[in-house]
Amino acid sequence: MKIATFNINGIKARIEALPEWLAAAEPDVVLLQEIKSVDESFPRAVFEDAGWVLETHGQKGFNGVAILSRLPLEDVVRGLPGDGEDLQARWIEATVVGKRAVRVCGLYLPNGNPAPGPKYDYKLAWMARMQARAEALLALEEPLVLAGDYNVIPQAEDAARPELWTEDALFLPETRAAFRRLLNLGLTDAFRARQPAPGQYSFWDYQAGAWEKNNGIRIDHLLLSPQAADLLLDARIDKEVRAGDKPSDHVPVWIELDA
DNA sequence: ATGGTCGGGTGCCGA
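Structural data, given as structure tokens:
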């Protein structure tokens, strides 16, 4: 089972590039972030006519997550539990039924800039809520994949120029500590485990020629429960997508599970 | 059009 995460930065803007990547990469499941669309205006037919099962959790203008799958999806949950007041569309879960059942969570973790400030407070509170949800799901002792745009640079080696990020919400010590607490629940950073070499990135800013300079960061992650890590066969970043026509500022990151 | 780049949805904000 090939499972990918891809921050597409707007479904309407990616309505050609996304289907092209799907056809070439042939994933079984894709967790999408920043669809920037309400559910009613998501171009469902483009994907359903191509054989995809689609579950969306959108909002007007910003954020929004979705799941595309070749396999049936069951028990869909929309929204990160733990705060009924939070209306931002940043979390979606479903169970994918293949050879094995795999619970997948697609997440768009808050950016948090500027830090300090209310946006950074929201980021840290959201990470605490995610920690509680991860604990609850890990207690089931089943294959679990938490995949998405974490807006976290885990270590200095995950940035081409870490000195540029020392005051940024993506790399502040408190951010990295919260991410580390997730890992310390027993989760595996699949890409780090399979591709330990530094200098591999999933995001390059549109500004200041970041792509041309390879001034990237690795912020899109797939974290695996022990039961999923046991099934891990491969993990890759589809870097070449960033050089395509009308690209997102993120590229797909994917794993292959024996499931 | 918004400085520098995009996207979405307006009549700038978020990233």
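Quick note: the first sequence uses the UniProt record's numbering, first residue 1, plus one each step. Every residue gets a Cβ at the ideal spot worked out from N, C-alpha and C, and that includes glycine.
Assigned secondary structure, residue i (DSSP; H/G/I helix, E/B strand, else coil)
| i | result |
| --- | --- |
| Trp211 | coil |
| Leu166 | This sequence places Thr at residue 166; Leu is not what is there. Reduced to three states, the DSSP call for Thr166 is coil. |
| residue 261 | With the chain represented from 1 up to 259, any question about residue 261 goes unanswered, as that position is not in the structure. |
| Ala4 | strand |
| Glu48 | helix |
| Ala193 | helix |
| Ala259 | coil |
| Ala160 | coil |
| Leu32 | strand |
| Glu55 | strand |
| Ala243 | helix |
| Phe179 | helix |
Residue j beta carbon less than 9 Å from that of residue i
| i | j | result |
| --- | --- | --- |
| Asp258 | Leu231 | yes |
| Val253 | Ala235 | yes |
| Ser202 | Ile255 | no |
| Leu107 | Leu164 | no |
| Asp158 | Ile219 | yes |
| residue 313 | Ala13 | Any question about residue 313 goes unanswered here, given that the chain covers just 1 to 259. |
| Leu172 | Leu223 | no |
| Gly82 | Ala132 | yes |
Close Cβ partners of residue i (< 8 Å) along its chain, the five nearest in sequence each way excluded
| i | result |
| --- | --- |
| Ala94 | Glu55, Ile67, Ser69, Leu73, Glu74, Asp75, Val76, Val77, Arg103 and Val104 |
| Leu109 | Arg90, Lys123, Trp126, Met127, Met130, Gly148, Asp149, Tyr150, Asn151 and Val152 |
| Pro19 | Val46, Phe47 and Ala50 |
| Pro114 | Tyr120 and Ala169 |
| Phe179 | Met127, Tyr150, Val152 and Pro154 |
| Glu26 | Lys2 |
| Glu85 | none |
Beta-carbon proximity list for residue i, same chain, < 6 Å, skipping 5 on both sides
| i | result |
| --- | --- |
| Gly98 | Met1, Leu71 and Ala259 |
| Gly10 | Lys36 |
| Leu137 | Leu144 |
| Val53 | Ser69 and Leu73 |
| Ala156 | Pro162 |
| Leu22 | none |
Cβ-based burial, residue i [other Cβ within 10 Å; buried from 16]
| i | result |
| --- | --- |
| Gly61 | exposed |
| Asn63 | buried |
| Leu233 | exposed |
| Asn7 | buried |
| Ser37 | buried |
| Ser225 | buried |
| Ser248 | buried |
| Glu135 | exposed |
| Glu16 | exposed |
| Ala4 | buried |
| Leu87 | exposed |
Own chain, CB closer than 7 Å to residue i, minus 5 neighbours either side, in chain order
| i | result |
| --- | --- |
| Asn215 | Ala160, Arg161 and Trp204 |
| Glu141 | Gln227 |
| Arg242 | Trp204, Trp211 and Val251 |
message = Going residue by residue through the stretch 94-156, where are the continuous beta strand (DSSP E) segments of at least 3 residues, counting only ones entirely within it?
response = Runs found: 101-108 and 144-149.
inquiry  = Give the list of continuous beta strand (DSSP E) stretches no shorter than 3 residues that lie fully inside the stretch 59-98.
reply    = Whole beta strand (DSSP E) segments, 3+ residues: 65-69, 73-78 and 91-97.
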